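Numbering (the numbering used here), first residue to last: 512 to 671.
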């Protein structure tokens, strides 16, 4: 009888742990929409040499003139609409192979070749365009994360 009780307790504990893992995946996993931006990209060599002089965030798409959901090509500085509008930035990548773009909606940076978001705050070549776009959009400098926050976020804190 004691063996039966242990098995029931063990399976219940296992069930609880499994439920906790499911809850964490829903909170932080692919179902949550949370995406971890990359801190390295092999395609930064295609960046424009001057990313401090860029079109304003309210610039419409150069092709269809749609006013929203536009992206800035970080190679040639064309402003083109997202895949949710008329896919002009995606077409531009497929035709020109300019793989890096900054979203004027949320100032995220996407690499089409890596199929990933890039962390513009920690990648030195991307910081100037991120900062310029932020100032143009909000009228003030962005609140960059400190080195201490970056180390804690990377799990590389020496406190343990």
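Where is the CB? At the ideal position from N, CA and C, for every residue including glycine. Please read these numbers as outputs of a predicted model, since none were measured by experiment.
**Prompt:** What does a CB cutoff of less than 6 Å around residue 596 pick up in its chain, not counting 5 residues either side in sequence?
**Reply:** 577 and 580
**Item:** Whole-angstrom C-beta distance between residue 563 and residue 643, which should lie under 8 Å
**Value:** 5 Å
**Prompt:** Can you give the Cα-Cα distance for residue 614 and residue 587, rounded to whole angstroms?
**Reply:** 15 Å
**Message:** What does the alpha-carbon distance come out to for the pair residue 565 and residue 650?
**Reply:** 15 Å
**Asked** Where does the unbroken alpha helix (DSSP H) through residue 604 begin, and where does it stop?
**Response** 599 to 607
**Asked** Considering only C-alpha positions, which residue in the set 620, 647, 655 and 645 is nearest to residue 554?
**Response** 620
**Asked** Which stretch, first to last residue, makes up the beta strand (DSSP E) that contains residue 628?
**Response** 627 to 629
**Message:** Please report the straight-line C-alpha distance between residue 648 and residue 557, rounded to a whole angstrom.
**Reply:** 24 Å
**Request:** List the residues that DSSP assigns as beta-bridge partners of residue 614.
**Result:** 582
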